[in-house]
Structures are given as structure tokens and as C-alpha cells.
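According to the working numbering, the sequence shown is numbered sequentially starting from 43.
Beta carbons: idealized from backbone N, C-alpha and C, even for Gly.
Below is one structure, written out as C-alpha cells; the observations come after it.
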Amino acid sequence: MTFDPKSMSCDHFQSQLAELVGSGADVANHPHIKECEICRQLYEDLQTIADAAKQLLAEEQPEDDLWDRIESAIKKGD
Numbered sequence: 043m044t045f046d047p048k049s050m051s052c053d054h055f056q057s058q059l060a061e062l063v064g065s066g067a068d069v070a071n072h073p074h075i076k077e078c079e080i081c082r083q084l085y086e087d088l089q090t091i092a093d094a095a096k097q098l099l100a101e102e103q104p105e106d107d108l109w110d111r112i113e114s115a116i117k118k119g120d
């Protein structure tokens with residue numbers, strides 16, 4: 043038996059939405075999204091929130107010698 047995503051209920055789709063978004067799946071082209079305005083709007087709202095959250099995180103890279111300094115500090119503590 044095969045599963046038809048177009049016949050998926052909103053409850054079923056919404057229960058999987060966070061996992062789909064987190065997995066990097068192409069949710070915008072999911073058959074249920076194309077058929078359901080409510081879930082499409084929910085997805086767009088979730089995507090807006092996720093994009094805004096990414097901007098809150100600093101994108102600093104650690105200094106090149108960070109691991110050397112950590113290792114040295116650990117050895118000094120022994």
C-alpha cells in the first residue's frame with residue numbers, strides 16, 4: 043500500500059512539519075502544502091521564525107589556536 047501525501051490530514055502534516063523543516067526537505071513543494079492554504083501559511087510563518095532565529099546567533103569562528111590553548115590548560119591542570 044502506498045501513501046498519498048495529497049490525502050494527508052492537516053494534523054498529520056503539522057505533526058511532521060518541524061521534522062521536515064529540520065531535515066532540509068523541500069517542504070515548499072510538498073503535495074500537501076500545494077493543496078492546503080492553512081498549512082502553507084503555517085509553514086511560511088515557521089520559516090520566517092527560523093530565519094529570524096538564525097540571525098540571533100553570532101557567526102564568530104573560534105581562534106585558530108583555541109584547541110591548543112584548551113589542551114595546554116588541561117595539561118597544566120594535571
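Express the C-alpha separation of G64 and E102 in angstroms, rounding to a whole number. Indexing the sequence shown from 1 puts residue 102 at position 60. Indexing the sequence shown from 1 puts residue 64 at position 22. C-alpha separation (whole angstroms): 22 Å.
Exposure label - L59; buried when at least 16 CB within 10 Å: Counted from its first residue, the sequence shown places residue 59 at position 17. Buried: at least 16 other Cβ atoms inside 10 Å.
Where do the N-terminal and C-terminal ends of the alpha helix (DSSP H) with E105 fall, by residue? As a first step, residue 105 must be located in the sequence shown, where it is residue number 63. No residue range can be given for E105, since it is assigned to no alpha helix (DSSP H) and is classified by DSSP as neither H nor E.
Which first and last residues belong to the alpha helix (DSSP H) in which A63 is found? Here residue 63 corresponds to residue number 21 of the sequence shown, with the count starting at 1. Checking the displayed sequence, the identity of residue 63 turns out to be Val instead of Ala. Element bounds for V63: 52-65.
Please state the DSSP three-state secondary structure of L152. Since the displayed the chain opens at 43 and closes at 120, residue 152 lies outside it and no answer follows.
What span of residues does the alpha helix (DSSP H) with H74 cover, start to end? Here the question's residue 74 lines up with position 32 in the sequence shown. That run of the alpha helix (DSSP H) goes 73-77.
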